[in-house]
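Numbering (the working numbering), first residue to last: 259 to 604.
Here it is, written out as structure tokens:
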């Protein structure tokens, strides 16, 4: 679903942003109108969700550069007609990769840790994680999500917030905190010594827009593009494809990041969705249940040739805000298991 009047503009590689705005004064006017006192607007999805969107914002990833914003029909037609422009994309609504709250089955451990650290399901003791206690030391994992409760004792001070795309607190997200805990919490994480940095691009309800995704990715590139041992986890989902996001994912992987994404819980081919379609750069993770089978049902894991790896994602125990623990299910939980393994071996 597209954002009303929302667009993402990508310029040609040899065009500078300042030169483009000189050529297209209509775009410059929108930029000028987006002051600190009026730089956000509220847009509504067809389901009634209200999302805060930046009226105007620039981005740059090496030779990939452009801007996002809310433009009327006349202005966007002027932008499209400019010889500076490589491509104009509609902005899109996105959601957390449909996590499903799940009751526990009496276990007070993350069974996924035991499963990924044994050779086969038959010999796995799901309560025992066989791993280096210093797994993840020296690595950084960016959790592109809804934020992290950085004060949770399970993170031992290793969690922080990098980018916050909203005015509200970045530390109250259940989804983002749960995902980060699977990556790097002390007792429930794959890489318990890794640092995690929250990149908040969806709100506490799990809703957001593609233009905010791009700004979050831009923050990582601008501030950490020379990072030696860095992993990105993206447990966010968008129906359909996004060439704009894929271009930026490619730029980050070319810069040396390992990029892991959730296949989605629509029980459809991941090839037809974002991030599943980007087989060039994204390690796409599907959800295995405790029987070692693809999670099925109403929120079953997406599947198909674009899924690179299957990982535990059903009834996973991990961190939630206010120092608590909780169970969640979905490919959102499978992806951080893979990201944690990547952080362990970098």
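The beta carbon of each residue, even a glycine, is placed where N, CA and C say it ideally should be.
Identified DSSP bridge partners for residue i
i, result
"residue 374", "In the DSSP output, where bridge partners are listed per residue, residue 374 has none listed."
"residue 495", "353"
"residue 455", "400 and 418"
"residue 604", "Paired residue(s): none; residue 604 is not in a bridge."
"residue 348", "265"
"residue 334", "According to DSSP, residue 334 bridges with nothing at all."
"residue 500", "The partner list for residue 500 (beta bridge, DSSP) is empty, contrary to what the question assumes."
"residue 408", "According to DSSP, residue 408 bridges with nothing at all."
"residue 516", "489"
"residue 343", "269"
"residue 521", "Note: residue 521 sits in no beta bridge, so no partner."
"residue 567", "543"
"residue 260", "350"
Per-residue burial, residue i [other beta carbons within 10 Å of its own, 16 or more giving buried]
i, result
"residue 269", "buried"
"residue 551", "exposed"
"residue 245", "Look at the range of the chain in this structure, 259 to 604, and you will see that residue 245 is not part of it."
"residue 477", "buried"
"residue 287", "exposed"
"residue 210", "A question about residue 210 goes unanswered here, because the residues of the chain that appear run from 259 up to 604."
"residue 491", "buried"
"residue 377", "exposed"
"residue 549", "exposed"
"residue 582", "exposed"
"residue 524", "buried"
"residue 300", "exposed"
"residue 261", "buried"
"residue 277", "exposed"
"residue 585", "buried"
"residue 283", "exposed"
"residue 342", "buried"
"residue 415", "exposed"
"residue 385", "exposed"
"residue 366", "exposed"
"residue 536", "buried"
"residue 410", "buried"
"residue 563", "exposed"
"residue 539", "buried"
Sub-9 Å separation of residue i and residue j beta-carbons
i, j, result
"residue 594", "residue 401", "yes"
"residue 324", "residue 406", "no"
"residue 588", "residue 355", "yes"
"residue 489", "residue 600", "yes"
"residue 350", "residue 500", "yes"
"residue 544", "residue 521", "yes"
"residue 573", "residue 547", "yes"
"residue 519", "residue 534", "yes"
"residue 679", "residue 504", "No statement about residue 679 is possible, as the shown extent of the chain runs from 259 to 604 and does not include it."
"residue 542", "residue 567", "yes"
"residue 368", "residue 387", "yes"
"residue 412", "residue 445", "yes"
"residue 326", "residue 312", "yes"
"residue 502", "residue 455", "no"
"residue 211", "residue 328", "This structure gives no information on residue 211, because the portion of the chain shown stretches from 259 to 604."
"residue 298", "residue 425", "yes"
"residue 479", "residue 398", "no"
"residue 353", "residue 496", "yes"
"residue 292", "residue 315", "yes"
"residue 591", "residue 370", "yes"
"residue 474", "residue 514", "no"
Any non-hydrogen atom of the ligand MN within 8 Å of residue i CB
i, result
"residue 559", "In the structure on display, the ligand MN does not appear, and there are no ligands present to speak of."
Give, in chain order, every unbroken run of the beta strand (DSSP E) that is at least 3 residues long and sits entirely within the region 528-564.
541-546
Hey, is the region 386-395 in contact with the region 439-455, meaning 3+ C-beta pairs nearer than 8 Å?
yes
I want to know whether the region 431-440 touches the region 575-589 - three or more CB-CB distances under 8 Å.
yes
Touch test, the region 302-322 against the region 465-475, Cβ-Cβ under 8 Å, three pairs minimum:
Here the region 302-322 makes contact with the region 465-475; the two share three or more CB pairs at distances below 8 Å.
Would you call the region 468-487 and the region 427-435 in contact, with 3 or more CB pairs under 8 Å?
no
Within the region 466-494, note down every full beta strand (DSSP E) run reaching 3 residues or more, in order along the chain.
For the region 466-494, whole beta strand (DSSP E) runs of length 3 or above, ordered along the chain, are 488-492.
With a cut-off of 8 Å, do at least 3 Cβ pairs link the region 505-515 to the region 312-320?
yes
Secondary structure, beta strand (DSSP E): runs of 3+ residues fully inside the region 267-329
Every unbroken stretch of the beta strand (DSSP E) spanning 3 or more residues and falling wholly within the region 267-329 is given here in chain order: 298-302, 308-312, 314-319 and 322-328.
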